[in-house]
Amino acid sequence: MKFTLSWLKQHLDTTASVDEITYALTDLGLEVEGVEDRGAKLADFTIGKVLSAEKHPDADRLRVCQVATDEGEKQIICGAPNAREGITVVVAKPGVYVPGIDTTIGVGKIRGIESFGMMASEREMELSDEHDGIIELPSGEVGDRFVDWLAENDPAKVDPVIEIAITPNRPDALGVRGIARDLAARGLGTMRPNPVPEVEGAFVSDITVSIDDDTLDGCPAFFGRLIRGVQNGPSPAWLQDRLRAIGLRPISFLVDVTNYFTYDLNRPLHVFDADKVAGNLRVHRAKGGEEIAALDEKTYTFQPGQMIISDDNGPESIAGVMGGAETGCTEETVNVFVESAYWDPIQIAYTGRALKINSDARYRFERGVDPAFTPVGLDHACAMILEHAGGTASSVVSAGAIPDTSRAYRLNAARVQSLVGMEIHESEQRQTLTALGFKLEGDMAHVPSWRPDVMGEADLVEEVARVASLTKLQGKPLPRLTDGVPKPVMTPIQRREQIARRTAAALGYNECVTYSFIDQASAKLFGGGADATMLENPISSDMSHMRPALLPGLLQAAARNQARGFADLALFEVGPAFHGGEPGEQHLLVSGLLVGRTGPKDVHSASRPVDVYDVKADAEAILSAIGAPAKVQIMRGAQNWWHPGRHGKICLGPKKVLGVFGELHPRVLEAMDVKGPAMAFTLWPTEVPMPRKAGANKGALDISDLQAVERDFAFVVDAEVEALTLVNAAMGADKALIEDVRIFDEFIGGSLGEGKKSLALTVRLQPKDATLKDADIEAVAQKVVEKVTKATGGTLRG
Amino acid sequence: MDDLKSKYLTQIADAADEASLEDIRIAAVGKKGEVALKMRELGKMTAEERQVAGPALNALKSEINSALAAKKAALADAALDERLRSEWLDVTLPTRTQRRGTIHPISQVTEEVTAIFAEMGFSVAEGPRIDTDWYNFDALNIPGHHPARAEMDTFYMHRAEGDNRPPHVLRTHTSPVQIRSMEATGAPTRIICPGGVYRADYDQTHTPMFHQVEGLAIDRDISMANLKWVLEEFVKSYFEVDGVDLRFRASHFPFTEPSAEVDIRCSWEGGTLKVGEGDDWLEILGSGMVHPKVLEAGGIDPTEWQGFAFGMGIDRIAMLKYGVPDLRAFFDSDLRWLRHYGFAALDVPTLHGGLSR
Numbered sequence: 000m001k002f003t004l005s006w007l008k009q010h011l012d013t014t015a016s017v018d019e020i021t022y023a024l025t026d027l028g029l030e031v032e033g034v035e036d037r038g039a040k041l042a043d044f045t046i047g048k049v050l051s052a053e054k055h056p057d058a059d060r061l062r063v064c065q066v067a068t069d070e071g072e073k074q075i076i077c078g079a080p081n082a083r084e085g086i087t088v089v090v091a092k093p094g095v096y097v098p099g100i101d102t103t104i105g106v107g108k109i110r111g112i113e114s115f116g117m118m119a120s121e122r123e124m125e126l127s128d129e130h131d132g133i134i135e136l137p138s139g140e141v142g143d144r145f146v147d148w149l150a151e152n153d154p155a156k157v158d159p160v161i162e163i164a165i166t167p168n169r170p171d172a173l174g175v176r177g178i179a180r181d182l183a184a185r186g187l188g189t190m191r192p193n194p195v196p197e198v199e200g201a202f203v204s205d206i207t208v209s210i211d212d213d214t215l216d217g218c219p220a221f222f223g224r225l226i227r228g229v230q231n232g233p234s235p236a237w238l239q240d241r242l243r244a245i246g247l248r249p250i251s252f253l254v255d256v257t258n259y260f261t262y263d264l265n266r267p268l269h270v271f272d273a274d275k276v277a278g279n280l281r282v283h284r285a286k287g288g289e290e291i292a293a294l295d296e297k298t299y300t301f302q303p304g305q306m307i308i309s310d311d312n313g314p315e316s317i318a319g320v321m322g323g324a325e326t327g328c329t330e331e332t333v334n335v336f337v338e339s340a341y342w343d344p345i346q347i348a349y350t351g352r353a354l355k356i357n358s359d360a361r362y363r364f365e366r367g368v369d370p371a372f373t374p375v376g377l378d379h380a381c382a383m384i385l386e387h388a389g390g391t392a393s394s395v396v397s398a399g400a401i402p403d404t405s406r407a408y409r410l411n412a413a414r415v416q417s418l419v420g421m422e423i424h425e426s427e428q429r430q431t432l433t434a435l436g437f438k439l440e441g442d443m444a445h446v447p448s449w450r451p452d453v454m455g456e457a458d459l460v461e462e463v464a465r466v467a468s469l470t471k472l473q474g475k476p477l478p479r480l481t482d483g484v485p486k487p488v489m490t491p492i493q494r495r496e497q498i499a500r501r502t503a504a505a506l507g508y509n510e511c512v513t514y515s516f517i518d519q520a521s522a523k524l525f526g527g528g529a530d531a532t533m534l535e536n537p538i539s540s541d542m543s544h545m546r547p548a549l550l551p552g553l554l555q556a557a558a559r560n561q562a563r564g565f566a567d568l569a570l571f572e573v574g575p576a577f578h579g580g581e582p583g584e585q586h587l588l589v590s591g592l593l594v595g596r597t598g599p600k601d602v603h604s605a606s607r608p609v610d611v612y613d614v615k616a617d618a619e620a621i622l623s624a625i626g627a628p629a630k631v632q633i634m635r636g637a638q639n640w641w642h643p644g645r646h647g648k649i650c651l652g653p654k655k656v657l658g659v660f661g662e663l664h665p666r667v668l669e670a671m672d673v674k675g676p677a678m679a680f681t682l683w684p685t686e687v688p689m690p691r692k693a694g695a696n697k698g699a700l701d702i703s704d705l706q707a708v709e710r711d712f713a714f715v716v717d718a719e720v721e722a723l724t725l726v727n728a729a730m731g732a733d734k735a736l737i738e739d740v741r742i743f744d745e746f747i748g749g750s751l752g753e754g755k756k757s758l759a760l761t762v763r764l765q766p767k768d769a770t771l772k773d774a775d776i777e778a779v780a781q782k783v784v785e786k787v788t789k790a791t792g793g794t795l796r797g
Numbered sequence: 000m001d002d003l004k005s006k007y008l009t010q011i012a013d014a015a016d017e018a019s020l021e022d023i024r025i026a027a028v029g030k031k032g033e034v035a036l037k038m039r040e041l042g043k044m045t046a047e048e049r050q051v052a053g054p055a056l057n058a059l060k061s062e063i064n065s066a067l068a069a070k071k072a073a074l075a076d077a078a079l080d081e082r083l084r085s086e087w088l089d090v091t092l093p094t095r096t097q098r099r100g101t102i103h104p105i106s107q108v109t110e111e112v113t114a115i116f117a118e119m120g121f122s123v124a125e126g127p128r129i130d131t132d133w134y135n136f137d138a139l140n141i142p143g144h145h146p147a148r149a150e151m152d153t154f155y156m157h158r159a160e161g162d163n164r165p166p167h168v169l170r171t172h173t174s175p176v177q178i179r180s181m182e183a184t185g186a187p188t189r190i191i192c193p194g195g196v197y198r199a200d201y202d203q204t205h206t207p208m209f210h211q212v213e214g215l216a217i218d219r220d221i222s223m224a225n226l227k228w229v230l231e232e233f234v235k236s237y238f239e240v241d242g243v244d245l246r247f248r249a250s251h252f253p254f255t256e257p258s259a260e261v262d263i264r265c266s267w268e269g270g271t272l273k274v275g276e277g278d279d280w281l282e283i284l285g286s287g288m289v290h291p292k293v294l295e296a297g298g299i300d301p302t303e304w305q306g307f308a309f310g311m312g313i314d315r316i317a318m319l320k321y322g323v324p325d326l327r328a329f330f331d332s333d334l335r336w337l338r339h340y341g342f343a344a345l346d347v348p349t350l351h352g353g354l355s356r
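Protein chains in written order, with numbering that gives the first Met the number 0: chain S, 0 to 797; chain W, 0 to 356.
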């Protein structure tokens with residue numbers, strides 16, 4: 000919403016400066032977005048007086064003028080026909096920038112004679128399109144700044160333009176008068192009266208209006224007048240200046256009037272060329288499919304139920320949103336029908352949204368204009384038309400009735416203190432509300448018809464507080480919920496999320512936060528991409544579906560980094576993935592991705608390509624950090640984006656999957672343009688069982704002072720036999736004595752023959768009661784061999 | 000005997016290596032060495048002679064032994080020194096590289112915010128990213144026709160043919176978590192709800208996903224003055240400054256009344272933000288007293304309970320505090336960016352240790 004200072008002053012009698020006004024506006028909740036100081040670009044122009052003007056000896060049209068300026072007498076060559084002795088002019092001295100010709104004036108020679116500046120026209124200073132000659136001022140002292148002269152004599156030309164943001168609850172501030180009312184309530188001046196003009200109805204309009212019964216809830220009231228014999232044409236300069244200042248293009252007087260009152264009094268109006276209206280006007284609902292060519296030169300098709308103003312020829316206006324081109328006013332219009340109607344905000348909002356029309360009328364009607372002002376606004380417009388364009392007006396044509404929005408709420412003066420925490424005396428509260436247009440009867444505050452947002456006691460508090468200024472609010476400590484040291488607030492899962500994240504970072508992974516939506520093709524690679532997870536209105540096809548997993552986002556990140564020349568990557572993300580489109584159909588994941596080598600090549604030859612055991616180690620480390628049990632099963636058969644032979648599911652039983660690690664399927668990498676191989680893990684932190692014990696006690700440490708003994712074994716087994724089978728079998732040989740079993744060597748093929756491998760393991764024995772004797776050790780060793788050969792069908796390697 | 004002593008001590012001193020030292024030991028104090036032979040002669044001596052010669056021989060033996068041990072140690076030292084002289088490494092060579100992982104600024108700042116509000120008794124509530132339009136809008140006093148709905152650039156979920164429920168939305172703010180939390184716990188309550196939110200907007204300063212933290216405190220007599228204090232304390236703690244001016248500006252949000260936008264005093268010099276000084280004001284959050292209709296929607300009786308709510312952008316305050324220029328880069332996962340703006344694994348923000356370092 001834009002307006003100029005002088006426009007504001009038409010409604011507000013104030014001496015406040017622009018700064019005071021803008022500060023107050025922002026503080027009141029009418030946030031100033033910008034102030035355009037139109038005088039700034041003219042600040043260097045000064046007033047001069049032409050002392051003499053003689054013909055240039057070498058040019059018929061040029062005059063050599065001696066001009067009195069603030070820096071003494073200057074010689075200026077001028078080509079304007081009106082440059083003559085005695086006139087008061089505006090001078091741009093050397094060094095001054097002239098906006099209209101985008102030039103900085105210098106000292107120059109024109110046909111051999113020196114010139115020390117320029118005398119300016121209105122167009123050269125961007126004041127108007129006038130360029131028939133240089134400005135002749137009717138008054139002004141030599142040396143004064145021209146902007147000061149303008150401010151005094153023609154302020155509309157240099158008026159600052161103030162732009163404010165309007166929150167949806169304040170339709171009343173979409174008119175300059177509403178803004179003035181807020182400022183007056185704040186004490187920045189007093190409201191000037193805006194009397195209702197008397198419009199004489201000289202005849203009965205031959206255009207009548209009707210509202211269908213089923214449309215009265217959308218158009219409760221419609222008022223109009225027919226004005227005959229107007230002379231349309233350009234608007235008066237002051238009106239054009241105002242519209243231009245706020246960025247509207249003056250069109251013709253009849254149209255400009257409607258725009259003017261839209262902004263001045265938040266009263267959108269429409270003017271029909273009465274001679275183009277066939278028969279009478281009827282407000283009704285669309286059956287669906289009707290078409291209208293609107294004023295924006297586009298054709299719209301009505302949907303069933305939307306409101307139309309029709310005449311005998313069909314739709315002539317998209318009710319409350321935009322008029323039709325057919326009956327629009329032109330320069331030739333002589334008979335005009337002026338419409339002022341009240342439209343239901345909700346229906347206008349839906350129609351505007353459905354037809355995708357953003358008009359000033361829709362913007363205001365959907366926020367709610369003042370229903371009671373509907374006929375008054377009509378007469379303001381008609382009076383202005385009669386005054387400037389002549390003609391005679393009919394009596395008022397009307398249909399429906401102004402809806403009753405009267406309501407009152409109790410003003411509880413103590414509520415400001417208890418809700419806001421400001422002490423404001425009751426009399427001041429009443430005064431504020433009165434200034435805003437509320438009528439107080441006892442402790443009941445009757446809401447003015449222009450404030451549809453005030454719907455309860457809390458709104459009264461808000462009005463009082465904002466006018467008093469929330470800036471004055473003093474903070475007051477919020478008492479603690481409990482005395483003493485605050486308790487921890489995070490849930491176990493939130494803690495897990497944090498620990499998983501920090502463990503992954505400690506393991507050398509860089510955390511990414513990628514978008515929750517990805518393209519359908521990538522989603523499909525990871526089991527997603529179904530319609531249930533599809534966005535209805537994605538901003539691009541790259542972001543069309545909710546991600547089914549974190550890996551596709553990480554792979555896309557890897558591809559981008561590879562394209563930038565970073566081949567060795569360790570990326571991870573912690574966040575939700577979506578298995579459906581209903582609230583709650585999301586699950587927390589931790590995923591990590593390794594691509595390339597463990598590091599750049601180095602003198603120690605330590606760098607090597609990343610492999611499955613890297614991600615297995617990292618997955619295990621994170622699971623361990625978030626409290627997963629050490630004893631897990633590693634199973635195969637995870638989803639098809641994993642390499643079929645190179646992945647493992649970390650499980651507690653066949654159905655309880657804590658995580659998956661492995662190499663990603665080469666086809667997936669190819670589809671996602673990632674140079675592989677790539678290793679990854681995905682963990683489900685919520686699947687890790689909650690610890691059973693309550694409390695922090697770790698239990699007593701059970702250790703033995705007796706020396707532990709280690710024995711190594713090597714077994715030859717089939718190549719498909721898994722190491723974990725050996726370890727579990729060996730562990731089972733003596734549960735009391737065997738503390739740990741570790742695989743330390745794997746050897747495949749060679750002298751062992753095709754399909755065989757050797758696995759070597761260390762068994763650590765920890766006696767608890769007595770030192771182990773050779774016979775004890777031998778006995779356990781034998782059992783280890785027995786168990787392992789039985790479990791694997793392998794043999795002890797000799 | 001003195002001859003013997005000086006002979007062997009000289010030999011020991013002159014020995015060049017451990018082998019010759021061993022030869023000397025055998026010759027001198029070995030079983031058949033000269034000292035042993037002298038010892039044997041003691042038997043032939045008179046008692047008087049033996050009383051003199053015995054201790055002298057023993058002293059001689061121990062003196063030689065000490066000299067041998069000392070020389071052996073000296074030789075070992077010399078040998079070690081000699082070996083170490085040849086053992087030289089170019090210690091300017093680089094090490095085996097270790098990857099340095101990082102925490103994303105959004106995670107870090109979320110933890111910072113959580114630490115501060117936890118101290119004031121706020122716990123962390125969470126809710127679904129896909130939500131019904133009732134939780135995202137209606138329950139927050141934003142009915143279907145409300146202009147705020149259109150202004151929010153909402154992402155809608157696809158609806159299958161025949162499913163005539165209003166489409167679900169990607170939550171446009173973290174405020175629906177307020178409602179879910181109120182439903183779950185009732186009043187009194189103090190929560191913050193950090194998390195991702197979505198709006199269909201993408202340009203220099205907008206990304207279709209960003210992060211917010213919502214705050215909600217409901218009790219019998221919580222006022223806007225308490226809100227101001229909480230935010231003042233938060234801003235001071237978060238920006239790690241001693242004092243800060245907060246400006247409450249009247250505004251409007253459908254879910255709060257009265258509503259205020261909150262600015263902090265700051266200065267911008269050479270593109271660097273300094274909080275708590277200067278003449279500029281920076282808008283950092285929206286807030287207000289929870290609208291009675293919102294309390295009702297959450298199942299809380301507005302005639303008994305009241306409280307405040309606020310919401311701010313996590314990405315935004317991360318940008319302000321850590322000088323991150325471009326929002327879009329947060330979600331691009333550029334390794335260089337992650338390394339530069341990321342945080343070390345052990346940089347856990349705490350109030351006792353400090354939020355940043």
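Virtual Cβ for every residue (Gly too), placed ideally from N, Cα, C.
{"Item": "What is the DSSP secondary structure of Arg110(S), reduced to helix, strand or coil?", "Value": "coil"}
{"Item": "Output the residue ranges of the alpha helix (DSSP H) runs that lie fully inside the region 699-741 of chain S and measure 4 residues or longer, sorted by chain position.", "Value": "722-730"}
{"Item": "From this set, Val512(S), Asp613(S) and Gly626(S), which residue's C-alpha is nearest Arg327(W)'s C-alpha?", "Value": "Val512(S)"}
{"Item": "Whole-angstrom Cβ separation of Val573(S) and Glu496(S), contact assumed at under 8 angstroms?", "Value": "6 angstroms"}
{"Item": "Residues of chain W with CB under 9 angstroms from Gly644(S), in chain order?", "Value": "Result: empty, since nearest Cβ-Cβ is about 27 angstroms, beyond 9 angstroms."}
{"Item": "Cβ atoms of Ala713(S) and Gly100(W): under 8 angstroms apart, would you say?", "Value": "no"}
{"Item": "Decide if Asp26(S) is buried, meaning its Cβ has at least 16 other Cβ atoms within 10 Å, or exposed.", "Value": "buried"}
{"Item": "Pick out whichever of Pro104(W), Gln203(W) and Glu111(W) has its Cα sitting closest to the Cα of Gly352(W).", "Value": "Glu111(W)"}
{"Item": "Keeping to the same chain, check which residues put their C-beta closer than 6 angstroms to that of Gln107(W); ignore five residues upstream and five downstream.", "Value": "Phe342"}
{"Item": "Of the residues that make up the region 175-187 of chain S, which ones have a beta carbon closer than 8 angstroms to any beta carbon in chain W?", "Value": "none"}
{"Item": "Measure from the C-beta of Trp228(W) to each C-beta in chain S and report whether the shortest distance is under 8 angstroms.", "Value": "yes"}
{"Item": "Exposed or buried, what is Val484(S) when buried is set at 16 or more other beta-carbons lying within 10 Å of its beta-carbon?", "Value": "exposed"}
{"Item": "Would you say Arg495(S) lies against chain W (beta-carbon separation less than 8 angstroms)?", "Value": "no"}
{"Item": "Can you have a look at Thr431(S) and say buried or exposed, based on whether 16 or more other CB atoms are within 10 angstroms of its CB?", "Value": "buried"}
{"Item": "Taking the C-alpha atoms as reference points, what is the distance between Ile299(W) and Phe247(W)?", "Value": "27 angstroms"}
{"Item": "For Asn225(W), which residues in chain S fall below 9 angstroms Cβ to Cβ?", "Value": "Gly420, Gly474, Lys475, Pro476, Leu477 and Pro478"}
{"Item": "Please determine, among Gln765(S), Ala557(S), Glu315(S) and Leu682(S), the residue with the shortest C-alpha to C-alpha distance to Arg335(W).", "Value": "Ala557(S)"}
{"Item": "Is the CB of Pro575(S) under 8 angstroms away from at least one CB in chain W?", "Value": "yes"}
{"Item": "Counting beta carbon pairs with one atom in the region 683-690 of chain S and one in the region 725-744 of chain S, are three or more of them shorter than 8 angstroms?", "Value": "no"}
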